[in-house]
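Asks:
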Amino acid sequence: MRRTVAVLVALLLTASAGAAQQKVPELSGYWGPGRGVKPDPERVKSLPPNTVVLNDAGAVEFPVNEYGGLKVKPSALVAAKIWKPEDDMSISRVCQPPSIVYAMQGPFPMEIHQATQLIVLKLEYYDMVRLVFMDGRSHPEKVPHSKVGHSIGRWDGSTLVVDTVKISESTITNNGLNHSDRVHVVERFWLGPDGRTLFGLQEFEDPDVLDNRGARFMAWDRVPGEFVLPYECDPSFALNYSSETRKP
Amino acid sequence: MLSRLTGALLLASALAGATVAAHHSFAVFFDDSKNIEVRGTVTDFRFTNPHGVITITGARTSGGAPETWRAETNAPTILTRRGWSATSLKKGDVITIEGWPSRDGKNYIRMRRVLRADGTVLGAPAAAPGTDPTGEKR
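Just so you know, the protein sequences line up as chains A and B, in that order.
Position in the first sequence counted from 1, then plus 380, gives you the working numbering.
Position in the second sequence counted from 1, then plus 129, gives you the working numbering.
#1: In this structure, what does DSSP give as the bridge partners for Arg534 (chain A)?
#2: Taking contact to mean at least 3 C-beta pairs separated by less than 8 Å, is the region 214 to 224 of chain B in contact with the region 174 to 184 of chain B?
#3: Whose CA, out of A:Leu427, A:Gly414, A:Val404 and A:Asp420, lies closest to the CA of Glu583 (chain A)?
#4: Could you tell me the alpha carbon to alpha carbon distance between Pro657 (chain A) and Leu511 (chain A), rounded to whole angstroms?
#5: From the DSSP secondary-structure annotation, give me the bridge partner or partners of Glu491 (chain A).
#6: Expressed to the nearest angstrom, what Euclidean distance is found between the alpha-carbon atoms of Pro477 (chain A) and Lys235 (chain B)?
#7: Please state whether DSSP places Leu557 (chain A) in a helix, a strand or coil.
#8: Quick one: list the residues of chain B neighbouring Phe597 (chain A), beta-carbon separation under 8 Å, in chain order.
#9: When the cut-off is 9 Å and only beta carbons count, does Phe174 (chain B) lie next to chain A?
#10: Please decide whether Leu609 (chain A) counts as near chain B, where near means a Cβ-Cβ distance under 9 Å.
#11: Suppose only complete runs of 3+ residues qualify. What are the beta strand (DSSP E) ranges in the region 164 to 211 of chain B, listed by chain order?
#12: Between A:Pro413, A:Cys475, A:Pro604 and A:Ala483, which has its C-alpha nearest Ser616 (chain A)'s C-alpha?
#13: Grouping DSSP H, G and I as helix and E and B as strand, with all else coil, what is Leu457 (chain A)?
#14: So the candidates are B:Ser191, B:Arg239, B:Tyr237 and B:Arg168; which of them puts its Cα closest to the Cα of Ala246 (chain B)?
#15: Just to confirm the assignment, what range does the alpha helix (DSSP H) spanning Arg423 (chain A) have?
#16: In whole angstroms, what separates the C-alpha of Ala145 (chain B) from that of Thr186 (chain B)?
#17: Check whether chain B comes within 9 Å of Lys616 (chain A), counting only Cβ atoms and requiring the distance to be less than that.
#18: From the DSSP output, read off the bridge partner residues of Ser526 (chain A).
#19: In whole angstroms, what separates the C-alpha of Ser154 (chain B) from that of Ala439 (chain A)?
#20: Are Ser231 (chain B) and Ile238 (chain B) touching if we call contact CB-CB under 9 Å?
#21: List the DSSP bridge partners of Ile224 (chain B).
#22: By alpha-carbon positions, which one of A:Val458, A:Ile480 and A:Gly448 ends up nearest to Asp561 (chain A)?
#23: How many Å lie between Ser470 (chain A) and Ala618 (chain A) at the Cα?
#24: Say whether chain A places a C-beta atom closer than 9 Å to the C-beta of Ala194 (chain B).
#25: So what's Phe597 (chain A) in DSSP terms, helix, strand or just coil?
#26: If the cut is a Cβ gap below 7 Å, which residues of chain A does Asn164 (chain B) touch?
#27: By a C-beta neighbour count over all protein chains shown, 10 Å radius and 16 as the cutoff for buried, is Gly533 (chain A) buried or exposed?
#28: With respect to the beta strand (DSSP E) encompassing Phe159 (chain B), which residues constitute its N-terminal and C-terminal limits?
#29: How many angstroms separate the CA atom of Val157 (chain B) from the CA atom of Thr496 (chain A)?
#30: Would you give the residue range spanned by the alpha helix (DSSP H) that Val417 (chain A) belongs to?
#31: Is the separation between the beta-carbon of Phe597 (chain A) and that of Gly416 (chain A) shorter than 9 Å?
#32: Is the beta carbon of Val500 (chain A) closer than 9 Å to that of Asp591 (chain A)?
#33: Is the CB of Thr216 (chain B) under 9 Å away from at least one CB in chain A?
#34: Once DSSP output is grouped into helix, strand and coil, what is the label at Leu578 (chain A)?
#35: Do Pro419 (chain A) and Asp507 (chain A) have their C-beta atoms within less than 9 Å of each other?
#36: Measuring only the C-alpha atoms, how far is Leu503 (chain A) from Val171 (chain B)?
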């Protein structure tokens, strides 16, 4: 009797493990240029209070002084107001990559390489590579800040949830508004019903810069057999702009 | 006194953050409510990220004296998928560049498409900003 129960329990555990594994989708592959999508109403409802959904994902960008509903703290707003766009067109700055806060929503492709304990997001934009640790570890205290930060992930059913901290200060909206190095980003990735579209929801909060939270809805399309291309940013591009003479 | 201190702190914070901004923005630099068309002869073509640059000596098709114009393209990684390459243009080619003008009045354009002298379009044309999933920015 005991043996029978033990066998049944073992079978049940095996079946449960199999079912759990089946729920984890295969995200590996090339995902074509990112784009903005209409926010999913159900997911919008599930966002924490005080969250604004930005509509600048994909090809859209905000003009100067528009931040899509983000409530910017006074000190950050001062910085954004004195920002001059031409300052970014210099050899020393034009090839500085943005952080993942801005980079993920851009109209560029990425590759995903998925293993059980590690998922790699290889972005074409600025050749950025993100490591998402899936082995249950926590964020280390001493890990240095970087534009990709430190990411840990988990599966919530068939949704990949990625939590990222230690992100270096960088732009949020590419028009003068920067996040601080205390920004906290949570992303969710899930496949559409046909498995050919990857949807993403980025949420971020920054106690030094924002009085509310931001969110973006994004999507990428699966294209078999493709790869991201080297970006290899060339800073001398900035000289073309600075060499122009202002017309009267 | 307090307001001065607060102001100084705000300014210090602002200046501290002023060195970290990165790549330039389409919406900030270019006016997507206007169109510009310039025809001329290619004098230089660079095909590197973050943007390619076409330099021509030419004039607006609406008229004007020949001048040097530069047109910024999409990221070459994006253009490569549209059939462009580093040899798509060479010095001496006569082309027409359609695009969006720089907001600051410089002879600097954001390219939407390029037509060769025979009227053929180089690569696949891009749509207006905000509507093209392959992107007009960066």
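C-beta: ideal position from N, C-alpha, C; glycine also.
Replies: Per the coordinate set shown:
#1: As a first step, residue 534 (chain A) is located in the first sequence; it is residue number 154 there, counting from the start. Looking at the DSSP assignment, Arg534 (chain A) forms a beta bridge with A:Val541.
#2: yes
#3: Numbered from 1 along the first sequence, position 203 holds the residue referred to as residue 583 (chain A). When only C-alpha atoms are compared, the closest one is A:Leu427.
#4: Nothing can be reported for residue 657 (chain A): it is not among the residues displayed for chain A, which extend from 381 to 628.
#5: The residue given as residue 491 (chain A) occupies position 111 in the first sequence. Looking at the DSSP assignment, Glu491 (chain A) forms a beta bridge with A:Tyr410 and A:Lys502.
#6: Position 97 of the first sequence, counted from the start, is the residue given in the question as residue 477 (chain A). Position 106 of the second sequence, counted from the start, is the residue given in the question as residue 235 (chain B). Approximately 26 Å between the Cα atoms of the pair.
#7: For the purposes of this step, residue 557 (chain A) is taken as residue 177 along the first sequence, with counting starting at 1. Leu557 (chain A): coil per DSSP, three-state reduction.
#8: One-based indexing of the first sequence puts residue 597 (chain A) at position 217. The premise fails here: Phe597 (chain A) is roughly 14 Å from chain B at the closest Cβ pair, so nothing lies under 8 Å.
#9: Here the question's residue 174 (chain B) lines up with position 45 in the second sequence. So, not an interface residue.
#10: Taking the first sequence and counting its residues from 1, one reaches residue 609 (chain A) at position 229. Closer than 9 Å to some Cβ of chain B, the Cβ of Leu609 (chain A) qualifies, so yes.
#11: 165 to 175, 182 to 189 and 196 to 201
#12: Against the first sequence, residue 616 (chain A) aligns to sequence position 236. Comparing Cα-Cα distances from Ser616 (chain A) to each of A:Pro413, A:Cys475, A:Pro604 and A:Ala483, the minimum goes to A:Cys475.
#13: Along the first sequence, read from residue 1 onward, the residue named residue 457 (chain A) stands at position 77. Residue state, collapsed to three classes: helix.
#14: Translated into the one-based positions of the second sequence, residue 246 (chain B) becomes position 117. With distances taken between Cα atoms, Ala246 (chain B) lies closest to B:Arg168.
#15: As a first step, residue 423 (chain A) must be located in the first sequence, where it is residue number 43. That run of the alpha helix (DSSP H) goes Pro421 to Ser426.
#16: Residue 145 (chain B) sits at position 16 when you count from the first residue of the second sequence. Residue 186 (chain B) sits at position 57 when you count from the first residue of the second sequence. Note on Ala145 (chain B): pLDDT 38, under 50, position unreliable in the model; the coordinate value appears next. Ala145 (chain B) and Thr186 (chain B): Cα-Cα distance of roughly 41 Å.
#17: Here the question's residue 616 (chain A) lines up with position 236 in the first sequence. One detail in the question is off: residue 616 (chain A) reads as Ser in this sequence, not Lys. Yes, contact with chain B.
#18: What you label residue 526 (chain A) is simply residue 146 of the first sequence in a count that begins at 1. Partner(s): A:Ile547.
#19: For the purposes of this step, residue 154 (chain B) is taken as residue 25 along the second sequence, with counting starting at 1. For the purposes of this step, residue 439 (chain A) is taken as residue 59 along the first sequence, with counting starting at 1. Those two C-alpha atoms are separated by around 11 Å.
#20: The residue you call residue 231 (chain B) lines up with position 102 of the second sequence. The residue you call residue 238 (chain B) lines up with position 109 of the second sequence. Going by C-beta atoms, Ser231 (chain B) is nearer than 9 Å to Ile238 (chain B).
#21: For the purposes of this step, residue 224 (chain B) is taken as the residue at position 95 of the second sequence. DSSP links Ile224 (chain B) through a beta bridge to B:Gly169 and B:Arg245.
#22: The residue you call residue 561 (chain A) lines up with position 181 of the first sequence. Among A:Val458, A:Ile480 and A:Gly448, the Cα nearest to that of Asp561 (chain A) belongs to A:Ile480.
#23: In the first sequence, the residue the question calls residue 470 (chain A) occupies position 90. In the first sequence, the residue the question calls residue 618 (chain A) occupies position 238. A straight line joining the alpha-carbon of Ser470 (chain A) with that of Ala618 (chain A) spans about 5 Å.
#24: Counted from its first residue, the second sequence places residue 194 (chain B) at position 65. Output row for Ala194 (chain B): interface = no.
#25: Here residue 597 (chain A) corresponds to residue number 217 of the first sequence, with the count starting at 1. Residue state, collapsed to three classes: strand.
#26: Translated into the one-based positions of the second sequence, residue 164 (chain B) becomes position 35. Under the 7 Å cutoff, chain A gives no residues; its nearest Cβ is about 17 Å from Asn164 (chain B).
#27: In the first sequence, residue 533 (chain A) corresponds to position 153, counting from 1. Label assigned to Gly533 (chain A): buried.
#28: Within the second sequence, numbered from 1, the residue matching residue 159 (chain B) stands at position 30. Element bounds for Phe159 (chain B): n/a, residue is neither H nor E.
#29: Here residue 157 (chain B) refers to the residue found at position 28 when the second sequence is read from its first residue. Here residue 496 (chain A) refers to the residue found at position 116 when the first sequence is read from its first residue. Each residue's Cα considered, the two are about 42 Å apart.
#30: In the first sequence, the residue the question calls residue 417 (chain A) occupies position 37. No alpha helix (DSSP H) holds Val417 (chain A); DSSP gives it neither H nor E.
#31: Walking along the first sequence from the start, residue 597 (chain A) turns up at place 217. Walking along the first sequence from the start, residue 416 (chain A) turns up at place 36. It is a contact, given that the beta carbons lie within the stated cut-off.
#32: Sequence index remark: in the first sequence, residue 591 (chain A) carries index 211 (1-based). Sequence index remark: in the first sequence, residue 500 (chain A) carries index 120 (1-based). Going by C-beta atoms, Asp591 (chain A) is not nearer than 9 Å to Val500 (chain A).
#33: The residue you call residue 216 (chain B) lines up with position 87 of the second sequence. Not closer than 9 Å to any Cβ of chain A, the Cβ of Thr216 (chain B) fails to qualify, so no.
#34: Walking along the first sequence from the start, residue 578 (chain A) turns up at place 198. Residue state, collapsed to three classes: strand.
#35: What you label residue 419 (chain A) is simply residue 39 of the first sequence in a count that begins at 1. What you label residue 507 (chain A) is simply residue 127 of the first sequence in a count that begins at 1. No; because the gap between Cβ atoms is not below 9 Å, this pair is not in contact.
#36: Counting from 1 along the first sequence, the entry for residue 503 (chain A) is found at position 123. Counting from 1 along the second sequence, the entry for residue 171 (chain B) is found at position 42. Taking the straight line joining both Cα atoms gives about 33 Å.
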